[in-house]
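Visitor:
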Amino acid sequence: MPGLMSLRKEFKGKKPLHGARIAGCLHMTIQTAVLIETLIELGAEVTWSSCNIFSTQDHAAAAIASTGIPVYAWKGMNEEEFNWCIEQTLFFGKDKKPLNMILDDGGDLTNMVLDDHPELVKEIRGLSEETTTGVHRLYDRMKNGTLPLPAINVNDSVTKSKFDNKYGCRESAVDAIRRATDVMLAGKRVVVAGYGD
């Protein structure tokens, strides 16, 4: 979050993202809400869906939606609703201008655009993908010649691979075990096998 706050401070009033129509498909959480607000403050238009049917924090989605930013996400949606939500993010405003940038997590938005709406590709300046799954999908497309736009592999960036993947995933694994078992881990001995790194 400090990085986003620094960007807001550095570019206050300058709107470097003016003209960007960013469709995002990331977990709709409080942290993502801060990202969305930052993109708006930097001049972008934004529409948002969630990359996971169970990860949306409904209060975060409601807070962003209450400011007039189109958010299509709620916790517990089914697969049909999930795809509908992603499709709603492809066009902006009453004049239905198409997206021109993609922020993706898992590749579902990217695949929908490339497979179902290839006519939109000519307007898209690029995309970013932040997960191993999504990056593998992009590499597959690159190998078979079906990736027609620039893509940034966020997953393998130094800050993501050396910090978020290493420490964030470790924290998430411990948190998931605590929540699933309702057992306090303090003072316990545990063995972790197959985690990697």
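Count the sequence shown with UniProt numbering and you get residues 1 to 197, in order.
Heads up, the beta-carbon is just placed ideally off N, CA and C, and yes, glycines get one too.
Fair warning: this is a prediction, and the values are worked out from it, not measured in the lab.
1. Does the count of Cβ pairs from the region 21-33 and the region 92-100 closer than 8 Å reach three?
2. Thinking C-alpha only, which one of A180, T159 and R179 is nearest G3?
3. Quick check on DSSP: helix, strand or coil for C25?
4. Considering only DSSP beta bridges, list what T110 is partnered with.
5. State buried or exposed for M5, treating a residue as buried only when at least 16 other CB atoms are found within 10 Å of its CB.
6. Using DSSP's beta-bridge definition, name the partner residues of G126.
7. Please report how far the alpha carbon of G168 lies from the alpha carbon of H59, in whole angstroms.
8. Please list, in chain order, all residues of the same chain as G106 whose beta carbon is under 6 Å from its beta carbon, the five residues on each side excluded.
9. Among the candidates R125, E81, L103 and Y139, whose CA atom is the shortest distance from the CA of H27?
10. What residues are listed by DSSP as bridge partners for E10?
11. Rank F92, D108, K9 and V154 by C-alpha distance to the C-alpha of E80 and give the top, closest one.
12. Could you pull out every residue in the same chain whose Cβ sits closer than 7 Å to the Cβ of F11, ignoring the five residues on either side in sequence?
13. Which first and last residues belong to the alpha helix (DSSP H) in which E80 is found?
14. How big is the Cα-Cα spacing for K14 and A44?
15. I think Q17 touches L35, with their Cβ atoms under 8 Å apart; what is that distance to the nearest whole Å?
16. Let me know if Y139 comes out buried or exposed under the rule of 16 or more other beta-carbons within 10 Å of its beta-carbon.
Guide: Taking the geometry as given:
1. Because the criterion of three Cβ pairs below 8 Å is met, the region 21-33 and the region 92-100 touch.
2. Mapped onto the sequence shown, residue 3 falls at position 3. The shortest Cα separation from G3 among A180, T159 and R179 belongs to T159.
3. As a working note, residue 25 is residue 25 in the sequence shown. Strand.
4. Numbered from its first residue, the sequence shown carries residue 110 at position 110. Per DSSP, none; premise fails for T110.
5. Indexing the sequence shown from 1 puts residue 5 at position 5. Burial call: exposed.
6. Looking up residue 126 in the sequence shown gives position 126. M101, per the DSSP bridge assignment.
7. Here residue 168 refers to the residue found at position 168 when the sequence shown is read from its first residue. Here residue 59 refers to the residue found at position 59 when the sequence shown is read from its first residue. Cα to Cα, the separation comes out at about 23 Å.
8. In the sequence shown, residue 106 corresponds to position 106, counting from 1. The residues are C51, T131, T133 and G134.
9. As a first step, residue 27 must be located in the sequence shown, where it is residue number 27. Ranking the options by Cα distance to H27, first place goes to L103.
10. Residue numbering aside, residue 10 sits at position 10 when the sequence shown is read from its first letter. According to DSSP, E10 bridges with nothing at all.
11. Indexing the sequence shown from 1 puts residue 80 at position 80. Per the Cα distances, D108.
12. Your numbering for residue 11 matches position 11 in the sequence shown. Around F11: L42.
13. As a working note, residue 80 is residue 80 in the sequence shown. Run containing E80: E79 to Q88, per the alpha helix (DSSP H) assignment.
14. In the sequence shown, residue 14 corresponds to position 14, counting from 1. In the sequence shown, residue 44 corresponds to position 44, counting from 1. Taking the Cα positions, K14 is about 12 Å away from A44.
15. The count along the sequence shown starts at 1 and reaches residue 17 at position 17. The count along the sequence shown starts at 1 and reaches residue 35 at position 35. Here residue 17 turns out to be Leu, not Gln, going by the sequence shown. That pair is no contact at about 12 Å.
16. Working through the sequence shown from its first residue, we reach residue 139 at position 139. Counting Cβ neighbours within 10 Å, Y139 comes out exposed, since fewer than 16 surround it.
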